[in-house]
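Numbering (the working numbering), first residue to last: 19 to 184.
Ideal Cβ positions, reconstructed from N, Cα and C, are used throughout, including at glycine.
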């Protein structure tokens, strides 16, 4: 029998077993979820702004982008639908990558997996909201922008202009 704490990820359609944990298939960024007897963890790695552009990005823009991303992602714990106390994430940056990590406890593996998914998807949404216009982006950011534009063009018939807010 597997460790009961991994059952939520094992049975969740959005997670795929990978090595010593699980990856979330609904986000284009590198993600790693794991369960131990004590806690659940989800780590999402996103590229820095300048790691995704063809052009050079000024230092002031790079720093402003990171500071804004870090502040916004701190609100992620509020997106879980379950009564889970999720402490603020740790956010670390190196030359090309920002690592966002959440750790929390929960007694229901299925709800814990749902919460991990919501947290990772919040990181993705926060990243997309922070994309700075005026640059030529490379994948996966270019793909996210294309998908957002396509979704915006479809509209909902209820006041949607089809324009992508940036």
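Secondary structure of residue 52 (DSSP, three-state): strand.
Considering only 166, 150, 171, the residue with the shortest C-alpha distance to residue 73 is 150.
Residue 131 is positioned such that its CB atom lies no closer than 9 Å to that of residue 49. Boundaries for residue 72: no beta strand (DSSP E) harbours it, and the DSSP string shows neither H nor E there. By the 16-neighbour rule on beta-carbons within 10 angstroms, residue 53 is buried. The bridge partners DSSP lists for residue 41 are 34. Under the DSSP assignment, residue 110 falls in the beta strand (DSSP E) whose first and last residues are 108–111.
Here the alpha carbon of residue 102 sits roughly 20 Å from the alpha carbon of residue 33. Residue pairing from DSSP places residue 119 in a beta bridge opposite 61, 108. The three-state secondary structure of residue 153, taken from DSSP, is coil. Approximately 6 Å separates the beta-carbon atoms of residue 47 and residue 142; this is inside 8 Å, confirming the contact. Contact between residue 159 and residue 70 holds, since their C-beta atoms are separated by about 4 Å, short of 8 Å.
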